[in-house]
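See below for the structure under consideration.
Residue numbers (the numbering used here): 2 to 389.
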């Protein structure tokens, strides 16, 4: 019967440690809801851009490029998996792909119809096979399926016409590797930078919670300290810690072969805007904690959210909820490091400066300021209780 007594005791102790119990029980359902929110807004088909440069065969009036597009727009089987959109140039398509407003792009060459006809005509003097160009971002998870879908449609179309086993050639270009080809190691570095920013949550949190736990904050309130004084001291300290972390990460990544087309100053400035939001989240969590143990447990919730759903460590498909000045805003951009991921990719892969990332910086500052304001309000209400 001692088993029942011990079982009862452990149940009571588990209920008393409600933070750990809550996190353990709710984490699985929470991730289910979050991933449902991520994928719920996505269509069941893939958006593919088409640049039709095909000039056709004027003598016979044959335009296989147009025939392929018509097939994609009418075949029910294709429409269930792929929707195509005609555009005029590859450059405009690359811009759309980088904004993740489309999943893949294919370009039909000027001699697309003539090369297919030559493959069909056994008497043709000049044998040539059609060449189709595919474009996409290697880091975009939807591109991987989008390019397979469009490849399958093109392969079936040309094989039907030519009756050949290997009737055409595919040329693939990753637009995020046009300026510099990345290794698998280098592809992970932007996420590691964001991880170093996120970990400021515990550095700042332990600094603040110690003031609460050992009553130092009560002694500080006896002075003429204001909310601004306390927050400025914490924020400046953590920004300094964060800068050291980011620079050391940059140096070590460079030693191991990472290459950046942008400057380290731009990287630091982007990370500083994220620091403010992380510090704001820290104040929010600390507001509901009385000691370091509770903070470490409660801090796991924002830590999991920031790591898994910001797009830092795991690629998250971007599904724009709204558009501001031509820039799509996704749900994870409402996290303080969400837009920073996009900014760092622009700096590392395209060599952009902070002046070319004005909207991203403005958005990051706005979101971080909101988190910081909420955090300061709650912290002052729960712990500081100062009037100014």
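Positions of the beta carbon are idealized from the N, C-alpha and C atoms, including for glycine.
Could you tell me whether the region 60 to 72 touches the region 91 to 106, where touching means 3 or more Cβ pairs closer than 8 Å?
no
So residue 136 and residue 91 are in contact, right, with Cβ under 8 Å, and what is the actual spacing, rounded?
For the purposes of this step, residue 136 is taken as the residue at position 135 of the chain shown. For the purposes of this step, residue 91 is taken as the residue at position 90 of the chain shown. About 7 Å; that satisfies the 8 Å criterion.
Please go through the region 56 to 136 and give each complete beta strand (DSSP E) segment of 3 or more residues, from N-terminal end onward.
83 to 88, 105 to 109
Using beta-carbon positions only, say whether residue 260 and residue 187 come within less than 8 Å of one another.
As a first step, residue 260 is located in the chain shown; it is residue number 259 there, counting from the start. As a first step, residue 187 is located in the chain shown; it is residue number 186 there, counting from the start. Cβ atoms of residue 260 and residue 187: closer than 8 Å.
Counting Cβ pairs closer than 8 Å, one from the region 208 to 217 and one from the region 263 to 277, do we hit at least three?
no
Proximity winner among 222, 199, 65, 283, relative to residue 160 (alpha-carbon distances):
Start at 1 with the first residue of the chain shown, and residue 160 comes out as number 159. Cα-wise, what sits closest to residue 160 is 65.
Here's the rule I'm using: 16 or more other beta-carbon atoms within 10 Å means buried, otherwise exposed. How should residue 143 be labelled?
Along the chain shown, one-based indexing puts residue 143 at 142. When all chains shown are included, residue 143 counts as buried.
What separation, rounded to the nearest whole angstrom, lies between the Cα atoms of residue 224 and residue 385?
As a first step, residue 224 must be located in the chain shown, where it is residue number 223. As a first step, residue 385 must be located in the chain shown, where it is residue number 384. Residue 224 and residue 385: Cα-Cα distance of roughly 12 Å.
Quick check: what's the CA-CA separation for residue 1 versus residue 331?
Outside the displayed range of the chain (2 to 389) lies residue 1, so it cannot be described from this structure.
Comparing alpha-carbon positions, which option in 82, 301, 291, 34 lies nearest residue 45?
For the purposes of this step, residue 45 is taken as residue 44 along the chain shown, with counting starting at 1. Measuring from the Cα of residue 45, the nearest candidate turns out to be 82.
Among 312, 251, 122, 95, which has the Cα closest to the Cα of residue 337?
By one-based count along the chain shown, residue 337 stands at place 336. Out of 312, 251, 122, 95, 312 has the C-alpha closest to the C-alpha of residue 337.
Supposed close pair residue 162, residue 117 - CB separation, criterion 8 Å
Within the chain shown, residue 162 is the residue found at index 161, counting from 1. Within the chain shown, residue 117 is the residue found at index 116, counting from 1. That belief holds up - the Cβ atoms of residue 162 and residue 117 are roughly 6 Å apart, short of 8 Å.
With C-beta atoms as the reference, is residue 296 less than 8 Å away from residue 377?
To locate residue 296, count along the chain shown from 1; it is residue 295. To locate residue 377, count along the chain shown from 1; it is residue 376. Not closer than 8 Å, so no.
Quick test of the definition: if touching needs 3 or more C-beta pairs under 8 Å, does the region 148 to 158 touch the region 289 to 305?
no
Environment of residue 122 [buried if 16+ CB atoms lie within 10 Å]:
For the purposes of this step, residue 122 is taken as residue 121 along the chain shown, with counting starting at 1. Exposed: under 16 other Cβ atoms inside 10 Å.
Express the C-alpha separation of residue 97 and residue 329 in angstroms, rounding to a whole number.
Along the chain shown, read from residue 1 onward, the residue named residue 329 stands at position 328. Along the chain shown, read from residue 1 onward, the residue named residue 97 stands at position 96. Cα to Cα, residue 329 sits roughly 11 Å from residue 97.
Going by the CB atoms, is the gap between residue 243 and residue 201 shorter than 8 Å?
Residue 201 sits at position 200 when you count from the first residue of the chain shown. Residue 243 sits at position 242 when you count from the first residue of the chain shown. Their beta carbons are under 8 Å apart, which means residue 201 touches residue 243 by this criterion.
Can you give me the start and stop residues for the alpha helix (DSSP H) that residue 175 sits inside?
Start at 1 with the first residue of the chain shown, and residue 175 comes out as number 174. Run containing residue 175: none in the alpha helix (DSSP H); it sits in the beta strand (DSSP E), 170 to 175.
Is residue 253 near the ligand FMN, judged by its Cβ being under 7 Å from some heavy atom?
This structure simply doesn't include the ligand FMN, nor any ligand for that matter.
Got a sec, what are the start and stop residues for the alpha helix (DSSP H) residue 376 sits in?
Here residue 376 is taken as the residue at index 375 of the chain shown, counted from 1. Note, residue 376: alpha helix (DSSP H), 359 to 380.
So, under 8 Å CB-CB, residue 276 and residue 240 are touching, yes? Tell me the CB distance rounded to an integer number of Å.
By one-based count along the chain shown, residue 276 stands at place 275. By one-based count along the chain shown, residue 240 stands at place 239. Yes, they are in contact, since the Cβ atoms of residue 276 and residue 240 sit about 5 Å apart, within 8 Å.
As assigned by DSSP and simplified to three states, the class of residue 350:
Along the chain shown, read from residue 1 onward, the residue named residue 350 stands at position 349. In the structure shown, residue 350 sits in a helix (DSSP, three-state: H, G or I).
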